[in-house]
Amino acid sequence: MSLSLSARTDHITQAEIRVMTIECEKVGGVNLAQGVCDLGVPREVVEGTVEAIARGYNNYTRYDGLPELRQAIAGKLLRFNGIEVDPETEVTVSAGSTGALYCACMALLDAGDEVILFEPYYGYHLNTLLAVGAVPRYVTTRPPDWTFNPQDLEKVVSQHTKGIMVCTPGNPSGKVYSDQELRWIADFAKEHDLFVFTDEIYEYFVYDGRTHRSPASFTDIRDRTIMISGYSKTYSITGWRIGYSSCQKQWADAIGYVNDLIYVCAPAPLQLGVAAGIDRLEASYYSGLCEAFRKKRDLFCSTLTEVGLTPMVPQGSYYVLADATRLPGSNSKEKSMYLLTRTGVASVPGAAFYQSEAGRNLVRFCFAKTEAELEDACARLRRL
Ligand code: PLP
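In this note's numbering, the protein residues as written are 129 to 512.
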């Protein structure tokens, strides 16, 4: 036997975001391939963390999180998401929502199980499924509002399908699933006996009077839904790695054991910092956050329109897919590279979000940047 990589690494490639980030650094450009909120960590969250360290919360916690955070999350799930959960048995705090999804997939999926993924998808969703040996089945949504219908779902379901992944608000599309679409998904999941995995990390980033609706708030699918979210984006703490899943005890127990095996627990004082944020921050914090990003969206999208890169204006999240047909290049990578070379603005090629050809004329920008950076990017794009 010779040394070799595991077969599962065949599927797991370096994220296109990282590739474009490296290319962007080479030309000293503005990196809209990747973003982080620039609003700063709320004072309440920092203070809660500092207090926790001073009070000695520096050791392992229970594998599914400290009671303060599980209770705070349960309170928020009831107030904001309309989901009633038992903080003792139905919430698992994990290493970000990424960790929460990985644990859920490890606990609930076997190799060969099929999971439906809406295209354009978030690469980590696909790669997490592949890492556990699950088989993605794709439903391609239609721009500009990224729509689908119940027949699209029926076309890809088989006797091996075990789950469906719903990312709302979506990355990269910014799609906020409507009540009707979620009703279709709920009926479909019941009819075919599927798990519904959600990713609601952008739940506070919804625009134009829309509200975030959690799939698990449909009570008839609550028992089969693994609700996943986290605080990376809401509190600008992407490096802290605090996220969670919430689901029925039967599933939460197994997810918790996997979480213990892989991460042991999420960072103890940071858990309390997030709990303090949830308990102490007023509703105006979340509406202010949303408004700040709406302004950035509008500024950036109007520039895209001006320069002929027509945006599919996002309903939520902080990404925008734009039509790059006018750029030279035979595929989205060439178009994205042209844009970088010509203007110094880095984007992600649309192909990174599709298994089909549908992304070939798209590029994705992230507008979670400082105002100065965003204005610089707009000025550069006008040189096109
Ligand atoms: N889910 C989506 C849709 C994302 O876009 C991202 C980050 O870009 C994440 C999850 C990562 O979340 P976390 O930091 O909680 O792992």
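No residue lacks a Cβ here, since even glycine has one placed at the ideal position from N, Cα and C. A quick note: this is a predicted structure, and the numbers were derived from the prediction, not measured.
| Can you tell which of Leu160, Arg136, Lys424 has its C-alpha closest to the C-alpha of Thr471? | The residue given as residue 471 occupies position 343 in the sequence shown. Comparing alpha carbon positions, the residue from Leu160, Arg136, Lys424 closest to Thr471 is Leu160.
| request: Please report the Cβ distance between Arg508 and Val158, rounded to the nearest whole angstrom; I am assuming they are in contact, meaning their Cβ atoms lie under 8 Å. | output: Against the sequence shown, residue 508 aligns to sequence position 380. Against the sequence shown, residue 158 aligns to sequence position 30. At roughly 6 Å, the Cβ-Cβ gap stays under 8 Å, so Arg508 and Val158 are in contact.
| Where does Asp280 sit, in a helix, a strand or coil, going by DSSP? | Indexing the sequence shown from 1 puts residue 280 at position 152. Residue state, collapsed to three classes: helix.
| message | Rounded to the nearest angstrom, what separates Leu398 and Ser360 at their Cα positions? | response | For this step, residue 398 is matched to residue 270 along the sequence shown. For this step, residue 360 is matched to residue 232 along the sequence shown. Between Leu398 and Ser360, the C-alpha separation is close to 11 Å.
| said: Would Tyr252 and Val392 be called neighbours here (beta carbons separated by less than 8 Å)? | reply: Mapped onto the sequence shown, residue 252 falls at position 124. Mapped onto the sequence shown, residue 392 falls at position 264. No, the Cβ-Cβ distance between Tyr252 and Val392 is not below 8 Å.
| At what residues does the beta strand (DSSP E) containing Tyr372 begin and finish? | For the purposes of this step, residue 372 is taken as the residue at position 244 of the sequence shown. From DSSP, the beta strand (DSSP E) with Tyr372 extends over 370-374.
| field | 7 Å CB neighbourhood of Pro264 in its chain, flanking five on each side removed | value | In the sequence shown, counting from the first residue as 1, residue 264 sits at position 136. Close CB contacts of Pro264 within its chain, under the 7 Å cut and outside five residues either way in sequence, are with Val243, Leu245, Leu254, Leu257 (chain order).
| said: Per DSSP, what are the beta-bridge partners of Arg492 in this structure? | reply: The residue you call residue 492 lines up with position 364 of the sequence shown. Note: Arg492 sits in a beta bridge opposite Leu449, Val476.
| field | Whether Asn459 touches Arg488 by CB criterion (8 Å) | value | Residue 459 sits at position 331 when you count from the first residue of the sequence shown. Residue 488 sits at position 360 when you count from the first residue of the sequence shown. For Asn459 and Arg488, yes; Cβs fall inside 8 Å.
| said: Tell me the rounded alpha-carbon separation between Thr347 and Ser445. | reply: In the sequence shown, counting from the first residue as 1, residue 347 sits at position 219. In the sequence shown, counting from the first residue as 1, residue 445 sits at position 317. When the Cα atoms are used, Thr347 and Ser445 turn out to be separated by approximately 25 Å.
| said: Tell me which residues share the same chain as Val260 and place their Cβ nearer than 6 Å to its Cβ, disregarding the 5 neighbours each side in the sequence. | reply: Along the sequence shown, read from residue 1 onward, the residue named residue 260 stands at position 132. Here the set comprises Cys233, Met234, Leu237.
| By DSSP, does Gly444 sit in helix, in strand, or in coil? | Against the sequence shown, residue 444 aligns to sequence position 316. Correct three-state label for Gly444: strand.
| request: For Thr220, verify whether its CB is less than 7 Å away from any heavy atom of the ligand PLP. | output: Reading the sequence shown from its first residue, position 92 is the one you call residue 220. No.
| field | Cut-off 7 Å between Cβ atoms - residues of its own chain near Gly168, not counting five sequence neighbours on either side | value | Walking along the sequence shown from the start, residue 168 turns up at place 40. Non-local C-beta neighbours of Gly168 in its own chain, meaning closer than 7 Å and more than five positions away in sequence, comprise Ser364, ordered along the chain.
| request: May I ask you to report which of helix, strand or coil DSSP gives Lys303? | output: Position 175 of the sequence shown, counted from the start, is the residue given in the question as residue 303. In this structure, Lys303 counts as coil in the three-state DSSP scheme.
| Using CA coordinates, which residue listed in Gln378, Lys290, Lys303 is at the minimum distance from Phe276? | Residue mapping note: residue 276 aligns to position 148 of the sequence shown, counting from 1. Closest option to Phe276, judged by alpha-carbon separation, among Gln378, Lys290, Lys303: Lys303.
| Cutoff 7 Å; reference Tyr185; Cβ partners in own chain excluding five residues on either side | For the purposes of this step, residue 185 is identified with residue 57 of the sequence shown, where counting begins at 1. Answer for Tyr185: Ala396, Pro397, Leu400, listed in chain order.
| Euclidean distance between Cα positions of Ala143 and Thr149 | As a working mapping, residue 143 is identified with position 15 in the sequence shown. As a working mapping, residue 149 is identified with position 21 in the sequence shown. Distance from the CA atom of Ala143 to the CA atom of Thr149, rounded to whole angstroms, is 10 Å.
| What's the call for Gln287, buried or exposed, on a 16-neighbour Cβ count within 10 Å? | Position 159 of the sequence shown, counted from the first residue, corresponds to residue 287. The residue in question, Gln287, is exposed, as its Cβ has fewer than 16 Cβ neighbours within 10 Å.
| query | Which term fits Met293, buried or exposed, when burial requires 16 or more other beta carbons within 10 angstroms of its beta carbon? | reply | In the sequence shown, residue 293 corresponds to position 165, counting from 1. By the neighbour-count criterion, in which 16 or more other beta carbons inside 10 Å mark a residue as buried, Met293 falls on the buried side.
| said: When you compare the segment 194-204 with the segment 375-389, are there three or more beta-carbon pairs, one atom per stretch, that lie closer than 8 Å? | reply: Fewer than three Cβ pairs drawn from the segment 194-204 and the segment 375-389 lie within less than 8 Å of each other, which leaves the two stretches out of contact.
| task | With a threshold of 16 other CB atoms inside 10 Å of the CB of Ser464, please say whether the residue is buried or exposed. | result | For the purposes of this step, residue 464 is taken as the residue at position 336 of the sequence shown. Within a 10 Å sphere around the beta-carbon of Ser464 sit 16 or more other beta-carbons, which makes this residue buried.
| Counting Cβ pairs closer than 8 Å, one from the segment 169-188 and one from the segment 308-326, do we hit at least three? | With a cut-off of 8 Å on Cβ pairs, the segment 169-188 is not in contact with the segment 308-326, counting fewer than three such pairs.
| said: Given this structure, state the Cα-to-Cα distance separating Leu310 from Arg510, to the nearest angstrom. | reply: On the sequence shown, position 182 is the one that residue 310 refers to. On the sequence shown, position 382 is the one that residue 510 refers to. Leu310 and Arg510: Cα-Cα distance of roughly 39 Å.
| task | Go ahead and label Tyr332 buried or exposed: buried means 16 or more other beta carbons lie within 10 angstroms of its beta carbon, across all protein chains shown. | result | The residue labelled residue 332 in the question sits at position 204 within the sequence shown. Counting the other CB atoms within 10 Å of its CB gives Tyr332 a total of 16 or more, which places it among the buried residues.
| said: Pull the bridge partners of Leu245 from the DSSP assignment, please. | reply: To locate residue 245, count along the sequence shown from 1; it is residue 117. As a beta-bridge residue in DSSP terms, Leu245 pairs with Tyr266, Met293.
| request: Could you check the C-alpha separation between Ile313 and Thr469 for me, to the nearest Å? | output: Within the sequence shown, residue 313 is the residue found at index 185, counting from 1. Within the sequence shown, residue 469 is the residue found at index 341, counting from 1. Distance from the CA of Ile313 to the CA of Thr469, rounded to the nearest whole angstrom, comes to 42 Å.
| message | Per the DSSP calculation, Ala223 is bridged to which residue(s)? | response | On the sequence shown, position 95 is the one that residue 223 refers to. Per DSSP, Ile370.
| request: Let me know if Pro442 comes out buried or exposed under the rule of 16 or more other beta-carbons within 10 Å of its beta-carbon. | output: Taking the first residue of the sequence shown as 1, we reach residue 442 at position 314. With 16 or more other Cβ atoms within 10 Å, it is buried.
| said: So, for Thr189: in the same chain, excluding its five sequence neighbours on each side, which residues have a beta-carbon less than 6 Å away from its beta-carbon? | reply: On the sequence shown, position 61 is the one that residue 189 refers to. Around Thr189: Cys393, Ala396.
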